[in-house]
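Written below as structure tokens is the structure these notes are about.
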Amino acid sequence: MNAVPENATVLLIGASRGLGLAIAAEYLDRGSHVVATVRGPGRTGLHDLQQTAGGRLEIEHVDMNAPEQIRALRERLGARRFDLLFVNAGVTNRPEETAADVTTDEFTRLMITNALSPVRVIETLADLVDPHGTIAIMSSGQGSVANNECGGFEIYRASKSALNQLMRSYAARHRNETRTLLLMAPGWVKTDLGGPNARLAINESIPALVTTVDAQRGRSGLRFLDYLGRTVAW
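Numbered per my numbering, the sequence shown spans residues -15 to 218.
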């Protein structure tokens, strides 16, 4: 555990399981105080983690796709300030679905959850972040247009590319932003979303990803990086 963590206070959106839960655990291990959100009312792995966190983990209930719930969270947090806002969001569909056969409802679900809602969260909660803190969103290497040479996961790719484009627009509208802005690609990780055939275990991705996020603190502007800190092509 670091005596003085790079990001001592963390606001984490989407942490009930998978990568989000692992990020919460990693920051707690590094000595941070974490406010993390879950969507539903049921017990999650985050609640189990809270029992061993020594009072450094607070849980909020928020559906990221409901703007009024994000606004209510903003009101509850009041004048608090955070070193890091990390928006972890991701749903997927059947990888073989293409634009020719995906339903409109399924396409809309991915676009809202993976692209629109994360940026809406940032628009609502950014002022809670220290002026020299970090705002990060979980993107994906599959959001890279330049690197798409094999296809597959067509709709998921499109949603993450849309997320990246929206964040570039956000950065363009905030040219004098002093905060670090990050789009993070965690690699292909064995989770419910990544599936059992993924290349990386969670403990191979997330500690390195958190180290990368912390290392970027104090560098203004938007970057698209993988979990090892390498630049990902747009």
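Every residue gets a Cβ at the ideal spot worked out from N, C-alpha and C, and that includes glycine.
Item: Nearest-angstrom Cα separation, counted from L57 out to H17; Value: 17 Å
Item: Span of the alpha helix (DSSP H), counted from its first residue to its last, around D13; Value: G2 to D13
Item: R225 to A156 span [Cα, whole Å]; Value: It is not possible to answer for residue 225, since the shown part of the chain is limited to -15 through 218.
Item: Minimum C-alpha distance to I139 - residue among M122, V173, A120 and A99; Value: A99
Item: Exposure label - P180; buried when at least 16 CB within 10 Å; Value: exposed
Item: Cβ shell of Q53 (< 6 Å), same chain only, five flanking positions each side left out; Value: V46 and D47
Item: With 16 other Cβ atoms within 10 Å as the buried cut-off, status of S145; Value: buried
Item: Inside the stretch 174 to 214 only - alpha helix (DSSP H) runs reaching at least 4 residues; Value: 186 to 199
Item: For D198 and R60, the rounded distance between their alpha carbons; Value: 26 Å
Item: Under 8 Å between C-beta atoms of L12 and R64; Value: no
Item: Where V129 falls, given that 16 or more other Cβ within 10 Å makes a residue buried; Value: exposed
Item: Chain-order list of residues whose beta-carbon lies under 7 Å from that of N148 (same chain, five-residue window excluded); Value: S123, G127, L167, F208 and W218
Item: Residues that H17 bridges to, as DSSP identifies them; Value: T(-7)
Item: P25 - DSSP class collapsed to helix/strand/coil; Value: coil
Item: Touch test, the stretch 20 to 40 against the stretch -10 to -1, Cβ-Cβ under 8 Å, three pairs minimum; Value: yes
Item: Cutoff 8 Å: T36 Cβ touching any chain B Cβ; Value: You won't find chain B in this structure, because it holds only one protein chain.
Item: 3-residue-minimum beta strand (DSSP E) runs that sit fully inside the stretch 95 to 167, ordered along the chain; Value: 113 to 122
Item: Residue from I119, I43 and D67 with nearest C-alpha to A(-8); Value: D67
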